[in-house]
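Student: Here's a structure for you.
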Amino acid sequence: LILNISSHLTSDIAHIVILKHISALARSLCDAIKLILMWILGKAFYFTAVLPVLAEAWHPGLLGSWLMIPAIFAVVWGMLMFKNGVFMPIRYMKCDDGVHRLQEFKLEQDAMVEAEEEETTCLDDPFFMEVFRSKKLKKVAQRALRKVQAKRLFKG
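What follows is the structure, given as structure tokens:
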């Protein structure tokens with residue numbers, strides 16, 4: 012019980028410290044990858060009989076360990092959807108050499124639209140800057156805000 016509480020406490024402290032340097036979104040993505048990695052390592056330790064304390068046995072049956080495999084694919088698919096901005100990030104497409112292969116598909120935008128979206132979703136606004144505790148991130152974001160404001164001044 013004490014080990015469980017202390018591990019949760021240290022994990023929460025680590026999350027707070029990490030949030031000073033990376034965004035909450037990046038930390039959430041790391042947590043998803045960490046879950047997958049922990050499951051794979053637990054099964055690998057079980058099958059190789061290495062570190063039996065960390066090993067997780069394979070549970071057969073309808074609600075067994077195999078249920079994690081589609082969950083892993085769902086997490087990876089969701090991350091690819093977020094990264095590429097499309098619902099079908101992997102497609103079976105014809106390559107330039109005429110062979111059909113699975114390829115990663117990305118939403119292609121021209122530079123003007125991409126810059127416009129970056130401006131509208133940018134966290135350089137002083138309202139959002141209070142969230143960042145890292146002085147380095149604040150300086151970088153404030154420089155980017157000044158550049159955007161200068162561009163708007165010259166356009167108008």
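Taking this note's numbering, I'd label the letters of the sequence shown as residues 12 to 167.
By construction, the Cβ of each residue, glycine as well, lies at the ideal position given by its N, Cα and C atoms.
None of these values were measured; they are calculated from a predicted model.
If you reduce the DSSP assignment to three classes, tell me which class His111 lands in.
Tutor: On the sequence shown, residue 111 is found 100 positions in, with the first residue counted as 1. Looking at His111 - three-state DSSP - the assignment turns out to be strand.
Student: How would you write the range of the beta strand (DSSP E) that Ile101 sits in, first residue to last?
Tutor: Counting from one through the sequence shown, the residue named residue 101 turns up at place 90. Ile101 -> beta strand (DSSP E) spans 101-105.
Student: Provide the residue span of the alpha helix (DSSP H) that contains Ser1, from first to last.
Tutor: This structure cannot settle anything about residue 1, because the visible part of the chain is limited to 12 through 167.
Student: Cβ of Trp50 within 8 Å of Cβ of Met79?
Tutor: The residue you call residue 50 lines up with position 39 of the sequence shown. The residue you call residue 79 lines up with position 68 of the sequence shown. Yes.
Student: Hey, out of His70, Leu36, Lys45, whose CA is closest to Tyr57's CA?
Tutor: Here residue 57 is taken as the residue at index 46 of the sequence shown, counted from 1. Answer by Cα proximity: His70.
Student: Between the stretch 38-53 and the stretch 62-69, can you find at least three pairs of beta-carbon atoms closer than 8 Å?
Tutor: Yes, since at least three Cβ pairs between the stretch 62-69 and the stretch 38-53 fall closer than 8 Å, the two stretches touch.
Student: Does the Cβ-Cβ distance between Tyr103 and Leu118 come in under 8 Å?
Tutor: Taking the first residue of the sequence shown as position 1, residue 103 is located at position 92. Taking the first residue of the sequence shown as position 1, residue 118 is located at position 107. Cβ distance not < 8 Å, so Tyr103 and Leu118 don't count as in contact.
Student: Is it buried or exposed, Pro8, if we count other Cβ atoms within 10 angstroms and call 16 or more buried?
Tutor: Look at the range of the chain in this structure, 12 to 167, and you will see that residue 8 is not part of it.
Student: Short check: CB of Ile83 to CB of Ile47, under 8 Å?
Tutor: Looking up residue 83 in the sequence shown gives position 72. Looking up residue 47 in the sequence shown gives position 36. Yes, the Cβ-Cβ distance between Ile83 and Ile47 is below 8 Å.
Student: Mind checking which residues open and close the alpha helix (DSSP H) that includes Val86?
Tutor: Residue numbering aside, residue 86 sits at position 75 when the sequence shown is read from its first letter. 79-95 is the span of the alpha helix (DSSP H), which, as asked, contains Val86.
Student: Alpha helix (DSSP H) containing Leu36: first to last residue?
Tutor: Here residue 36 refers to the residue found at position 25 when the sequence shown is read from its first residue. Looking at the DSSP string, the run of the alpha helix (DSSP H) that includes Leu36 is 35-59.
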